[in-house]
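Numbering (our numbering), first residue to last: 248 to 344. Cβ atoms here follow ideal geometry from the backbone N, Cα and C, with glycine treated the same way. Report on the following structure.
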Amino acid sequence: MLRKNAQTIGEVLRDFFEENRELRQKILQIRVQRAWNEVLGPSIAQYTRQVYVRDRVLFVSLTSSVLRNELSYCQDRLVKSLNDYAKASVIDRIVLR
């Protein structure tokens, strides 16, 4: 028996996330947090203690003050790279601690 309102799983999920904006935003934030290690690589990941997003700001705790200083020079590029990885505009700026 064929159903007239049949949808693909992708369509159902897209509709679900369009109706639940908060959940979609949280998933995008988690995607940006994971992107930090993948975009910057394992050499920087080993100096990273904590990464979290709050109010469109990515907070990153680093154990190396030298690395923190170097990354502060390219924050705009990092924001663009992380948003590109998430395929959405999730963060506006980065705070390095």
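- DSSP lists V307 as the bridge partner or partners of V298.
- If you ignore the 5 residues before and after L343, its C-beta comes within less than 7 Å of the C-beta of V307, L309, R315, L318 and S319, all in its own chain and listed in chain order.
- When secondary structure is reduced to three states using DSSP, I338 falls in the coil class, being assigned neither helix nor strand.
- According to DSSP, L343 shares a beta bridge with V307.
- Ranked by Cα distance from Q293, the first of E285, L270 and Y299 is E285.
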